[in-house]
Amino acid sequence: MTGRDSSSSPGEAIRAVGLGKVFQREGQNRVVALQDIDLVIPTGAFVSVIGPSGCGKTSFLRMAGDLEEPTSGEILVHGHTPGEARYRREVGFIFQSPALLPWRTVIENVRLPGEIFGDESVSGQAQVVLDTVGLTGFEGAYPRELSGGMQSRVSIARALTYRPALLLMDEPFGALDEITRERMQVELLRIWQAQQTTVLFITHSLSEAVLLSDRVIVMSARPGRILHDVPVPFPRPRDAGLRADPAFVRLVEGLRGMLEG
Ligand SMILES: Nc1ncnc2c1ncn2[C@@H]1O[C@H](COP(=O)(O)OP(=O)(O)OP(=O)(O)O)[C@@H](O)[C@H]1O
Ligand SMILES: [Mg+2]
211 MTGRDSSSSP GEAIRAVGLG KVFQREGQNR VVALQDIDLV IPTGAFVSVI GPSGCGKTSF
271 LRMAGDLEEP TSGEILVHGH TPGEARYRRE VGFIFQSPAL LPWRTVIENV RLPGEIFGDE
331 SVSGQAQVVL DTVGLTGFEG AYPRELSGGM QSRVSIARAL TYRPALLLMD EPFGALDEIT
391 RERMQVELLR IWQAQQTTVL FITHSLSEAV LLSDRVIVMS ARPGRILHDV PVPFPRPRDA
451 GLRADPAFVR LVEGLRGMLE G
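Residue numbers (the numbering used here): 211 to 471.
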């Protein structure tokens, strides 16, 4: 976190300054989802966000991904407005629910960004990333023929095909069984390191946040504010074995205490 200077410098994937989001629709209660968020995420970092349900985590991601407008303050992605960054193919969004097109097969869903961008090399990546997320053999299946966990892996594959410099991931592994989840965590770390992307990762799993991240941002209940910005000191590469380390367990418990206030 830095001061309230809104000028972005190179090496910053995200800069939020005094960022807030209020939802108000006629006849509905006014909801202050987020308030006064100051946050800088350097390029190449892996940062997780944890916080109670409804504290504005998805809203934050949606503003970074140009799917929602801030109501106060500002947010920059690689020094651009989120709209510009999206246009430049810099941002990949993995939604809390898979958001697949039901009339398209698995591989057609994964090829979609390539078609939108008119870039055949992106479409050509589709099979490679499907293999990576363990969906070889399901290329021709329709989303309704897949389990929830398989659908979320398709949506992860879809975002990975065009190698965005910034991956916004909203509880991407929430629908996965524990074994698949652990495999996907390791796979994500591998991709993150190989592609040198920045990852902003929302999760309700404290151990997942610690295992994956350089920093864990702890948010308050609504209106969401940043309560703590906790560095994760463990060296990389990391693997699932780290979970048994007493220092790991202590850090997870520390985060739990922060959430419980
Ligand atoms: N489009 C919308 N219109 C009105 N209110 C909204 C809208 N989107 C979100 N909200 C409200 O903003 C608050 C924050 O929602 P958000 O989805 O960002 O929370 P979250 O931290 O992602 O929660 P969860 O952990 O359950 O996914 C909630 O009170 C929600 O009802
Ligand atoms: Mg959410």
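Even for Gly, the Cβ is constructed at its ideal location relative to N, Cα and C.
Cβ of residue i within 8 Å of Cβ of residue j?
| i | j | result |
| --- | --- | --- |
| residue 466 | residue 416 | yes |
| residue 234 | residue 240 | yes |
| residue 339 | residue 370 | yes |
| residue 223 | residue 287 | yes |
| residue 189 | residue 410 | Residue coverage of the chain in this structure runs from 211 to 471, which leaves residue 189 outside it and unanswerable. |
| residue 267 | residue 429 | yes |
| residue 401 | residue 380 | no |
| residue 420 | residue 364 | no |
| residue 273 | residue 229 | yes |
| residue 283 | residue 227 | yes |
| residue 426 | residue 440 | yes |
| residue 295 | residue 320 | no |
| residue 253 | residue 293 | no |
| residue 279 | residue 269 | no |
| residue 261 | residue 434 | yes |
| residue 431 | residue 265 | yes |
| residue 251 | residue 408 | yes |
For residue i, which three-state DSSP category applies?
| i | result |
| --- | --- |
| residue 245 | strand |
| residue 292 | helix |
| residue 213 | Per-residue confidence for residue 213 stands at a pLDDT of 44, beneath the threshold of 50, marking its modelled position as unreliable; no derived number is given. |
| residue 459 | helix |
| residue 449 | coil |
| residue 470 | helix |
| residue 343 | coil |
| residue 225 | strand |
| residue 420 | helix |
| residue 408 | strand |
| residue 256 | strand |
| residue 358 | helix |
| residue 430 | coil |
| residue 442 | coil |
| residue 381 | coil |
| residue 327 | helix |
| residue 398 | helix |
| residue 266 | coil |
| residue 370 | helix |
| residue 169 | What the structure shows of the chain is the stretch from 211 to 471, and residue 169 is not part of that stretch, so it cannot be assessed. |
| residue 230 | strand |
| residue 284 | strand |
| residue 465 | helix |
On the premise that residue j lies in contact with residue i, defined as a C-beta separation below 8 Å, what is that separation, rounded to the nearest angstrom?
| i | j | result |
| --- | --- | --- |
| residue 373 | residue 405 | 5 Å |
| residue 359 | residue 385 | 5 Å |
| residue 399 | residue 448 | 7 Å |
| residue 436 | residue 247 | 6 Å |
| residue 308 | residue 361 | 4 Å |
| residue 326 | residue 343 | Contact doesn't hold; Cβ gap of about 20 Å is too wide. |
| residue 424 | residue 442 | 6 Å |
| residue 303 | residue 275 | 5 Å |
Any beta carbon from chain C within less than 8 Å of residue i's own beta carbon?
| i | result |
| --- | --- |
| residue 228 | Looking for chain C here will not work: only one protein chain is present. |
Exercise. Three or more beta-carbon pairs under 8 Å between the segment 247-260 and the segment 294-305, yes or no?
Worked result: The answer is no - the segment 294-305 does not touch the segment 247-260, with fewer than three Cβ pairs under 8 Å.
Problem set entry | Residues proximal to ligand 1 by C-beta, any heavy atom closer than 5 Å | Each of 233, 241, 243, 263, 264, 265, 266, 267, 268, 269 has a C-beta closer than 5 Å to some heavy atom of ligand 1; these make up the full list, in chain order.
Exercise. For the segment 346-355 against the segment 390-404, are there 3 or more C-beta pairs whose distance is under 8 Å?
Worked result: Flag = no, the segment 346-355 and the segment 390-404 do not touch.
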